[in-house]
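Report on the following structure.
In full-length UniProt numbering, the protein residues as written are 1 to 38.
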């Protein structure tokens, strides 16, 4: 997922903020897969 979306490092600091950021990346990844299936 990281390589496909050209994601190299987290922009935010702190475990809570990183969890939010990885959640957003996961949602974007799922939406990208969903849109290509339609």
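The C-beta atom is built at its ideal place from N, Cα and C for all residues, glycine as well.
What's the C-alpha gap between residue 30 and residue 15? Here residue 30 corresponds to residue number 30 of the chain shown, with the count starting at 1. Here residue 15 corresponds to residue number 15 of the chain shown, with the count starting at 1. The straight-line gap separating the alpha-carbon atoms of residue 30 and residue 15 is approximately 22 Å.
Are the CB atoms of residue 21 and residue 10 nearer to each other than 7 Å? Here the question's residue 21 lines up with position 21 in the chain shown. Here the question's residue 10 lines up with position 10 in the chain shown. Result yes, Cβ atoms of residue 21 and residue 10 sit closer than 7 Å.
Those runs of the alpha helix (DSSP H) which lie wholly inside the UniProt domain "Transposase DDE" (1 to 34) and span at least 4 residues: Along the UniProt domain "Transposase DDE" (1 to 34), the alpha helix (DSSP H) does not occur as any fully enclosed run of 4 or more residues.
Measuring straight from C-alpha to C-alpha, what distance separates residue 35 and residue 24? Looking up residue 35 in the chain shown gives position 35. Looking up residue 24 in the chain shown gives position 24. Distance between the alpha carbons of residue 35 and residue 24 is about 16 Å.
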